[in-house]
Structures are given as C-alpha cells and as structure tokens.
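The block underneath contains the structure these notes are about, expressed in structure tokens.
Residue numbers (mature numbering (1 follows the signal peptide of the UniProt record, and there is no 0)): -23 to -1, 1 to 488.
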C-alpha cells in the first residue's frame, strides 16, 4: 500500500511538471497561432496600430500576425517631430533600428558604467541653496585629493551624501553643470543596436521629422518573458499601452510608494509625487522647452569621413581579446547608407551594404544584423535565400515587385511593395525583386549576427557548384541548355532585368 501511495505521488508530480512545461512553451501564444509557421501565403504588411504622443507617434505592425510570430520578431516605426524627445525606454528583447529620415542625438543607459560625458559650464544663478543639486559636490577634490569623494562616503558626522549640499565660492568655480553616459549623433542611414534592459532616448535635432524603423527579437534567448513586445518606460506615460495593450501605460516610478521614492532619491515628497504622476496626455515623446543642452561631441568629428572611424581602411575581423572595446564604450551604431561603404556596387544597377558582428561587434551580443539595398530602374536582385536567418524587409523608398517561394516550391508572395510596407521572408524561402519606377530602396533586419545567403543564379550560385551532368539530368535538358543555365548570368547579386518584349526580340534574333 505504501509503495502504491508513493507511486501515485510521483505520478502526480510528473504530471504537474509536464503541465508547467507545456504552459511555459505556449506562454503568450494565442490558440489561433499554434500553427503560425504554416506559411502557405505571405502578404505585404503595414502598421495596424498607432500610439500618439505630444511630439510624435509610434506605429506598430500587428504583433499577432502569423508571419511575424513565426519569425519571432516585432516591428514598429518611431516618428519624432522636430524638437521632440523620445523619453528613456528599455525592452526585454534585443533591439535593432535604422534611421529612415532625419538626424538627432541619442543616448543609452548602460547599468554599472560611469558617466564619461561632462558639461563643465556652471549653472546660471544660485547653486545648492536647498541642497537639491546632486552633482554640485561630486567634482570637487576632498581633503585627500580624491575626486568623487563626497559621493556615497561617510563624513565626520557619519552622514551619507555629505558632499552634495556643500556651498562656497570654490565649488561654484570648479563645479560642473551635468554629467552623463555616452551621447552620439544619429543620422539618416545609421543602424544602431540596443541590448535588453538598456534604456535608450533620442532627441530630434534636425529640421524634419526623425523616422526610425526598429525590430525587437522577441524570440531571442535573452528575452526571458513571452513573445509579446514589452516596453518599460523610465519617464513619460502613454494613454494606451504598447502593441495590443488597451490599458494605460505608466513609467516605472509610478508604481512605487511616494515615500520609497523620496527616501531612495533623497528628494522631498512633492518632487516624488511629480515623478509618480506626470501628465499622461503627453505620452513618451515630448516637446523640449528651450534649448536641449547635453554634452555631445561636435557633429563634424563624428561624420566628416568614414576614414575618421577607420583611418587604416575598412574594419578587419575582430580578434576579440576584450581590450579594444568594453560594454561601456562599445560602438552601438554604424552608417550603411554611404556608397563608399557598399559591399556590392554597380553604378547603373545599385548597391548593397551589410552590417554584422564583424563590422559592429555589439551585434554579436544581440544576434542580429542588417542589410541596406538600393536598386535603380529595371534592376533586379538575383534569386537567393537566407541560410541561417529570417529576414524582415522594409521598403524605405520607391517600389518593387517581390516574389517569394516556399519549401514546397510554391509561390507564396508575388506583390508590389511600396514605401512604408514590410515583407517577412522566412529562413530558406527563396526570393527575388525587380525595381518598378525609378528605384527601390530597402533595409532588411536578419535574426542572426552573421547571416549568410545562397544565390540561385549568378557567378556564386548553386548552379555554378553543380556539374553539367547533374543539371542536365535534374531538369531533363541537353548539356548545351545546362551550360546556358549555369554560365549565362555573370553577376553575383544584382543584374539588369530585361522587359518581356526585349527578351522576346533577343530570342528571335538568336534563333
């Protein structure tokens, strides 16, 4: 009897464990999406939801769309008006972004890293009268001649934060206005990356709206939650939450007790209340009142030339000894819109530029990469497929006809793609594109730090690797016809797309 009872208890325990595992696997996946990867038909996607703020808006692509669910990603478009500030926000998933239009200033919050940017200009007016300027005493030399002495040290009276309320002429002369972590200029063509939990803010310093398309890799191993995109606001509020959320979203300080905030930040109750209850109607993209003053390097030094960044030529494959870059100083963005930076370039056809972990090492941490492309009138992207990644293609200008073929050899997409539209191309699915109109521009995000492609036509295609006998017998064609299939296309990535009438005339002439 005892053995039977033990067996029943053990069986019940196993069932509970299995039930928990199954529940974890299905977490956040609606019942209608259990077969989300049966992609028999693909479609061109457009934003389906917009959250408006005081100085801009965020447009979300449907997170529950089977194509995006299968790829394990979420995509949105951020629009910041002139003089607008996108308040600090972090996500539970890795994020990669591309600046479609405009320019601005961006910064990130990396936990544990020092404030390396400092504005030495003193405040205009009185300083520290109420002891409410936490930076006032931080840059002073103490009795031992050590900087930062007043930050968190116990003084003779045994009081923390002793150096923060100090007054005097010496402090006013030697003090500084502000200090913060690294700030960078961003412009059209920049790709930049953000790690999970690292807050990011952007200010539009240009004379036109700043438009950014970004992707969240919700299926990434670093996201320990479900596959729903989750934004965490450090400042600001939204009248409506993120994608598919109907309830209002407040910043993280709103949930804490007022006294908790006052004690942890060493501020008064009134100021703590302002942190908890800012104006909800403003959203998390707000207008900046007056000049936006942060310590930033001159724009000329940042973008005068790519040679400034790589003075000895293109960046080489990193050896990863840990000395060149740390997580605090690691570059987070790379401009891939400069023709001089192109990996494939043909003046009459277009260009293609890629960024991966070899050119931007932070991508190794988030396991994402990107490709920027531009093809001119009547140019064609040769058929190819992604070997180790899903691809999310976003049209930034012009239009093109795109065809996608699945693993069954079926055409699952044959549509015109225009500016602002999105196409999901699953791993292994072959696709090709022909420009319509004057040009076609796009940015592709890929779910691998070093995504690889294989072409189906051209000098480096699968046909070139096969013997003529294999091609001849595989397609039941003569050896001469197999030779044409294998060698007629000399290009590797881009080629000229002949019209149907032109191709017919050439065939008649050859006959």
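Heads up, the beta-carbon is just placed ideally off N, CA and C, and yes, glycines get one too. Note that this is a predicted model, so its numbers are computed, not measured.
8 angstroms contact criterion, which residue 189 and residue 74 should meet: CB distance rounded: Residue numbering aside, residue 189 sits at position 212 when the chain shown is read from its first letter. Residue numbering aside, residue 74 sits at position 97 when the chain shown is read from its first letter. About 5 angstroms; that satisfies the 8 angstroms criterion.
message: Could you check whether the region 354 to 364 touches the region 465 to 473, counting it as contact only if at least three pairs of C-beta atoms, one from each stretch, sit closer than 8 angstroms?
response: yes
message: Rounding to the nearest angstrom, what Cα-Cα distance links residue 88 and residue 192 in this structure?
response: Looking up residue 88 in the chain shown gives position 111. Looking up residue 192 in the chain shown gives position 215. Taking the straight line joining both Cα atoms gives about 22 angstroms.
message: Taking the straight line between their C-alpha atoms, what separation do you get for residue 165 and residue 424?
response: Locating residue 165 in the chain shown gives position 188, where the first residue counts as 1. Locating residue 424 in the chain shown gives position 447, where the first residue counts as 1. Approximately 22 angstroms between the Cα atoms of the pair.
- request: Give me the Cα-Cα distance between residue 209 and residue 449, rounded to the nearest whole angstrom.
  value: For the purposes of this step, residue 209 is identified with residue 232 of the chain shown, where counting begins at 1. For the purposes of this step, residue 449 is identified with residue 472 of the chain shown, where counting begins at 1. Whole-angstrom Cα-Cα distance: 58 angstroms.
task: Flag this pair as yes or no: are the beta carbons of residue 470 and residue 329 separated by less than 8 angstroms?
output: Along the chain shown, one-based indexing puts residue 470 at 493. Along the chain shown, one-based indexing puts residue 329 at 352. In this structure, residue 329 lies closer than 8 angstroms to residue 470 by Cβ.
- prompt: Where does the unbroken beta strand (DSSP E) through residue 330 begin, and where does it stop?
  reply: By one-based count along the chain shown, residue 330 stands at place 353. Element bounds for residue 330: 327 to 332.
- request: For residue 175, I'd like the list of residues in its chain whose CB is within less than 8 angstroms of its CB, leaving aside the five on either flank, ordered along the chain.
  value: Counted from its first residue, the chain shown places residue 175 at position 198. Taken in chain order, the residues that qualify are 67, 85, 86, 87, 88.
query: Among 235, 445, 261, 403, which residue has its Cα nearest to the Cα of residue 382?
result: Taking the chain shown and counting its residues from 1, the one referred to as residue 382 is at position 405. Per the Cα distances, 403.
message: Comparing C-alpha positions only, which one of 454, 460, 261, 447 sits nearest to residue 526?
response: Residue 526 lies beyond the stretch modelled for the chain, which goes from -23 to 488, so this question has no answer here.
task: Output the boundary residues of the beta strand (DSSP E) element that contains residue 323.
output: Here the question's residue 323 lines up with position 346 in the chain shown. Note, residue 323: beta strand (DSSP E), 321 to 323.
query: Does the distance from the CB of residue 205 to the CB of residue 260 come in under 8 angstroms?
result: Here residue 205 is taken as the residue at index 228 of the chain shown, counted from 1. Here residue 260 is taken as the residue at index 283 of the chain shown, counted from 1. No, they are not a contact pair.
query: Near residue 269, what residues of its chain come up, given a Cβ to Cβ distance below 6 angstroms and the 5 sequence neighbours on each side ignored?
result: Counted from its first residue, the chain shown places residue 269 at position 292. 180, listed in sequence order.
- prompt: Can you name the start and end residues of the alpha helix (DSSP H) that residue 451 belongs to?
  reply: Counted from its first residue, the chain shown places residue 451 at position 474. Start and end: 445 to 452.
- request: Taking 8 angstroms as the cut-off, decide whether the C-beta atoms of residue 347 and residue 168 are in contact.
  value: Walking along the chain shown from the start, residue 347 turns up at place 370. Walking along the chain shown from the start, residue 168 turns up at place 191. Result yes, Cβ atoms of residue 347 and residue 168 sit closer than 8 angstroms.
query: Looking at the structure shown, is residue 373 part of a helix, part of a strand, or coil, going by DSSP?
result: As a working mapping, residue 373 is identified with position 396 in the chain shown. Strand, per DSSP.
message: From the DSSP secondary-structure annotation, give me the bridge partner or partners of residue 431.
response: Along the chain shown, read from residue 1 onward, the residue named residue 431 stands at position 454. 362, per the DSSP bridge assignment.
message: Buried or exposed for residue 398, going by 16 or more other Cβ atoms inside 10 Å?
response: Residue numbering aside, residue 398 sits at position 421 when the chain shown is read from its first letter. Buried.
- prompt: In whole angstroms, what is the alpha-carbon distance linking residue 420 and residue 61?
  reply: Translated into positions along the chain shown, residue 420 becomes position 443. Translated into positions along the chain shown, residue 61 becomes position 84. Approximately 25 angstroms, taken between the alpha carbons.
query: Run through DSSP, which three-state label would residue 423 get?
result: The residue given as residue 423 occupies position 446 in the chain shown. Reduced to three states, the DSSP call for residue 423 is strand.
Validate contact between the region 387 to 401 and the region 16 to 34 using beta carbons, cut 8 angstroms, 3 pairs: yes
task: Using the DSSP secondary-structure output, state which residues sit across from residue 459 in a beta bridge.
output: Working through the chain shown from its first residue, we reach residue 459 at position 482. For residue 459, which the question treats as bridged, DSSP gives no partner whatsoever.
task: Tell me, please, which residues DSSP counts as bridged to residue 76.
output: For the purposes of this step, residue 76 is taken as the residue at position 99 of the chain shown. Its beta-bridge partners are 189.
task: Could you tell me which residues DSSP pairs with residue 271 in its beta bridges?
output: Position 294 of the chain shown, counted from the start, is the residue given in the question as residue 271. None; residue 271 has no bridge partner.
- prompt: What does a CB cutoff of less than 8 angstroms around residue 445 pick up in its chain, not counting 5 residues either side in sequence?
  reply: Start at 1 with the first residue of the chain shown, and residue 445 comes out as number 468. Answer for residue 445: 456, 459, 460, 463, listed in chain order.
- prompt: Taking C-alpha atoms, which residue in 30, 65, 453 lies nearest to residue 57?
  reply: Along the chain shown, one-based indexing puts residue 57 at 80. When only C-alpha atoms are compared, the closest one is 30.
message: I'd like to confirm something about residue 260: is its beta-carbon nearer than 7 angstroms to some heavy atom of the ligand MN, or not?
response: Inclusion of the ligand MN in the displayed structure is not the case, the ligand content being empty and no account of it being possible.
task: Note down, in chain order, each residue of its chain lying with its Cβ closer than 7 angstroms to the Cβ of residue 379, except the 5 sequence neighbours on either side.
output: Position 402 of the chain shown, counted from the start, is the residue given in the question as residue 379. Excluding positions up to five away in sequence, the list reads 390, 392, 394, 400, 408, 410.
task: Reducing DSSP to helix, strand and coil, say where residue 393 ends up.
output: For the purposes of this step, residue 393 is identified with residue 416 of the chain shown, where counting begins at 1. Correct three-state label for residue 393: strand.
message: Assuming contact is defined by CB atoms lying nearer than 8 angstroms, are residue 53 and residue 37 in contact in what I supplied?
response: Sequence index remark: in the chain shown, residue 53 carries index 76 (1-based). Sequence index remark: in the chain shown, residue 37 carries index 60 (1-based). Against a cut-off of 8 angstroms, the Cβ pair of residue 37 and residue 53 comes out as a contact.
field: Those residues which DSSP pairs with residue 227 across a bridge
entry: One-based indexing of the chain shown puts residue 227 at position 250. Looking at the DSSP assignment, residue 227 forms no beta bridge with any residue, so it has no partner.
query: Got a sec, what are the start and stop residues for the alpha helix (DSSP H) residue 250 sits in?
result: In the chain shown, the residue the question calls residue 250 occupies position 273. Note, residue 250: alpha helix (DSSP H), 246 to 253.
query: Which residues does DSSP pair with residue 357 in a beta bridge?
result: Working through the chain shown from its first residue, we reach residue 357 at position 380. Answer is 411, 472, bridged to residue 357.
task: Starting from the Cα of residue 418, find the closest Cα among 363, 440, 345, 313 and give me that residue.
output: On the chain shown, residue 418 is found 441 positions in, with the first residue counted as 1. Taking only the C-alpha atoms, the option nearest residue 418 is 313.
- request: Using the Cα positions of residue 341 and residue 442, report the straight-line distance between them to the nearest angstrom.
  value: The residue you call residue 341 lines up with position 364 of the chain shown. The residue you call residue 442 lines up with position 465 of the chain shown. In a straight line, the C-alpha of residue 341 is about 30 angstroms away from that of residue 442.
message: Is the beta carbon of residue 81 closer than 8 angstroms to that of residue 160?
response: Taking the first residue of the chain shown as 1, we reach residue 160 at position 183. Taking the first residue of the chain shown as 1, we reach residue 81 at position 104. No, these two residues do not count as a Cβ contact at 8 angstroms.
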